[in-house]
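Novice: Got a structure for you, written out below as structure tokens; questions coming shortly.
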Amino acid sequence: MGFLGKILRSNSNDGPEAEEQVGFNPNRDDCLFWYTEEGYIIAQDVTCQHEYIQDTACPTCGGELVVIAHLNRGGQGLSELVAICRDCKARTNFIFDISNDVYQEWWAEQLGPLYVRQYDGPPREPFSQDAPVLDMDADSVDEDPVEADPVEADSVGEDRTTDPRAEE
Ligand SMILES: [Zn+2]
69 MGFLGKILRS NSNDGPEAEE QVGFNPNRDD CLFWYTEEGY IIAQDVTCQH EYIQDTACPT
129 CGGELVVIAH LNRGGQGLSE LVAICRDCKA RTNFIFDISN DVYQEWWAEQ LGPLYVRQYD
189 GPPREPFSQD APVLDMDADS VDEDPVEADP VEADSVGEDR TTDPRAEE
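Add 68 to a position in the sequence shown, counting from 1, and you land on the number used in the numbering used here.
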């Protein structure tokens with residue numbers, strides 16, 4: 069699906085125009101960009117996935133990331149974007165959860181009668197505001213492990229038992 073050319077570049081997404089952006093869900097809630105238990109990033113529309121990457125520095129050199137590919141993994145309730153760094157050319161994959169209710173309700177509204185739910189499983193729930201520390205040896209990791217979180221490397225290794233809501 070060719071979303072990439074349709075995203076408006078704008079640094080201000082909270083103005084009134086933002087709601088008219090293609091791919092923007094006005095019903096985003098506070099769980100946007102939380103992590104699921106599996107370590108996927110909660111996406112609530114198409115635009116937010118690009119916003120997330122624009123706001124993320126290259127984990128290798130801190131440079132600016134540019135999206136180069138969007139892999140359709142709708143059958144898994146996932147959306148994967150591949151970005152490269154303008155400076156060091158390192159590649160970073162971002163795996164977003166799109167099985168959540170906020171995304172699916174918005175998506176159904178976008179497509180109307182064309183909407184087909186591609187993912188049979190239950191919607192994934194927001195689990196943590198911080199990137200979970202993934203145990204790659206655990207049985208629960210499927211064939212599709214999320215890379216050790218390159219997005220917020222600073223937060224990896226922090227006490228994962230801390231209730232993120234307590235920090236607010
Ligand atoms: Zn870089």
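Don't be surprised by glycine CBs; every beta carbon is placed ideally from N, CA and C.
On a Cα-Cα basis, can you pick out the residue from F162, I166, G180 and H138 that is closest to Y187?
Specialist: Sequence index remark: in the sequence shown, residue 187 carries index 119 (1-based). When each option's Cα is compared against that of Y187, the closest is I166.
Novice: Look at the alpha carbon of G180 and the alpha carbon of V90, and state the distance between them as a whole number of angstroms.
Specialist: As a position in the sequence shown, residue 180 is number 112, starting the count at 1. As a position in the sequence shown, residue 90 is number 22, starting the count at 1. About 16 angstroms.
Novice: Please report the distance separating the alpha-carbon of R96 from that of R192.
Specialist: Translated into positions along the sequence shown, residue 96 becomes position 28. Translated into positions along the sequence shown, residue 192 becomes position 124. For R96 and R192, the distance between alpha carbons rounds to 16 angstroms.
Novice: Note down the Cα distance separating D169 from E132, rounded to an integer number of angstroms.
Specialist: Here the question's residue 169 lines up with position 101 in the sequence shown. Here the question's residue 132 lines up with position 64 in the sequence shown. So the alpha carbons of these two residues sit roughly 31 angstroms apart.
Novice: Comparing alpha-carbon positions, which option in P200, S196 and Q178 lies nearest P94?
Specialist: Here residue 94 refers to the residue found at position 26 of the sequence shown. Measuring from the Cα of P94, the nearest candidate turns out to be Q178.
Novice: N161 and E148 look like a contact to me (Cβ under 8 angstroms); what is the Cβ gap, rounded to whole Å?
Specialist: Here residue 161 is taken as the residue at index 93 of the sequence shown, counted from 1. Here residue 148 is taken as the residue at index 80 of the sequence shown, counted from 1. Right, the Cβ-Cβ distance comes to about 6 angstroms (below 8 angstroms), so this counts as a contact.
Novice: Listed in chain order, which residues are found with a beta carbon closer than 6 angstroms to a heavy atom of ligand 1?
Specialist: That query returns the following residues: C126, T128, C129, G131, C153, D155, C156 and A158.
Novice: Which same chain residues, not among the five before or five after G130, have their C-beta less than 6 angstroms away from its C-beta?
Specialist: In the sequence shown, counting from the first residue as 1, residue 130 sits at position 62. Correct list: empty, nothing qualifies.
Novice: In angstroms with no decimal places, state the Cα-to-Cα distance between F101 and V150.
Specialist: Mapped onto the sequence shown, residue 101 falls at position 33. Mapped onto the sequence shown, residue 150 falls at position 82. If you take the alpha carbons of F101 and V150, they lie about 17 angstroms apart.
Novice: Shortest alpha-carbon distance to Y103 belongs to which of L182, Y120 and T115?
Specialist: Here residue 103 is taken as the residue at index 35 of the sequence shown, counted from 1. Answer by Cα proximity: Y120.
Novice: Out of W175, R159 and Q122, which one is the CA nearest neighbour of T128?
Specialist: Taking the sequence shown and counting its residues from 1, the one referred to as residue 128 is at position 60. T128 has its Cα closest to that of R159, out of W175, R159 and Q122.
Novice: Let me know the secondary structure DSSP gives E148 once reduced to three states.
Specialist: Translated into the one-based positions of the sequence shown, residue 148 becomes position 80. If DSSP states are grouped into helix, strand and coil, E148 belongs with the strands.
Novice: Where are the beta strand (DSSP E) runs, 3 residues long or more, that stay fully inside the region 150–186, in chain order?
Specialist: With a minimum length of 3 residues, the continuous beta strand (DSSP E) runs that stay inside the region 150–186 are 159–165.
Novice: Whose C-beta lies closer than 8 angstroms to the C-beta of G143 among residues of the same chain, with five residues either side of it excluded?
Specialist: The residue labelled residue 143 in the question sits at position 75 within the sequence shown. Counting only Cβ-Cβ distances below 8 angstroms, and skipping sequence neighbours, we find Q186 and Y187.
Novice: Could you tell me whether the Cβ atoms of I109 and F164 are closer together than 8 angstroms?
Specialist: Taking the first residue of the sequence shown as 1, we reach residue 109 at position 41. Taking the first residue of the sequence shown as 1, we reach residue 164 at position 96. Yes, the pair counts as a contact, with Cβ atoms nearer than the cut-off.
Novice: CB-CB under 8 angstroms to A125, same chain, minus the five flanking residues each way: which ones, in chain order?
Specialist: Here the question's residue 125 lines up with position 57 in the sequence shown. Contacts found: G131, E132 and L133.
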